[in-house]
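**Q** Below you will find the structure I want to go over with you.
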Amino acid sequence: MESSNTNGVEEKFFEKIKQDPNLQDLFNNIDFDRYKHHPETFYSHAFEEGTYSEEDIANAHLHLSLEGKHFDSMIDHFISSLDSNSDTYEKAKQALERYRNIVIK
């Protein structure tokens, strides 16, 4: 079920990713329907109790060669897709930052 807090975020988020040169290689030939849950997942891990363990998150990203620039871009695109104020932006950025060393190996 889509959270009312993430309504409309999905489309904005994926449009930003598709246009980002830092992320295009990671998302070439990707079925975006498979990743529709990402904005809601990011939201739950930033503002609520996340549904995935750190181990689950690490395992989901093992096959990717992620760097800090990829992490930063994804988080920035997610946060800028929210229709929120700067306090929300900072809170989300701080909350999601704890996953940096989990997805970047």
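With positions in the sequence shown counted from 1, the corresponding number in the working numbering is that position plus 1153.
Note that the Cβ used here is the ideal one computed from N, Cα and C, for glycine as well.
Do residue 1255 and residue 1220 count as a contact pair if the criterion is CB distance below 7 Å?
**A** To locate residue 1220, count along the sequence shown from 1; it is residue 67. To locate residue 1255, count along the sequence shown from 1; it is residue 102. No. Outside cutoff.
**Q** Give the straight-line distance between the Cα atoms of residue 1232 and residue 1190, rounded to the nearest whole angstrom.
**A** Looking up residue 1232 in the sequence shown gives position 79. Looking up residue 1190 in the sequence shown gives position 37. Those two C-alpha atoms are separated by around 15 Å.
**Q** Given this structure, state the Cα-to-Cα distance separating residue 1203 from residue 1173, to the nearest angstrom.
**A** For this step, residue 1203 is matched to residue 50 along the sequence shown. For this step, residue 1173 is matched to residue 20 along the sequence shown. In a straight line, the C-alpha of residue 1203 is about 26 Å away from that of residue 1173.
**Q** Taking the alpha-carbon positions, what's the residue 1155 to residue 1258 distance?
**A** In the sequence shown, the residue the question calls residue 1155 occupies position 2. In the sequence shown, the residue the question calls residue 1258 occupies position 105. With a pLDDT of only 45 at residue 1155, under 50, the local geometry of the prediction cannot be trusted, and no value is derived from it.
**Q** Hey, out of 1212, 1245, 1228 and 1170, whose CA is closest to residue 1185's CA?
**A** Counted from its first residue, the sequence shown places residue 1185 at position 32. The candidate whose alpha carbon is nearest that of residue 1185 is 1170.
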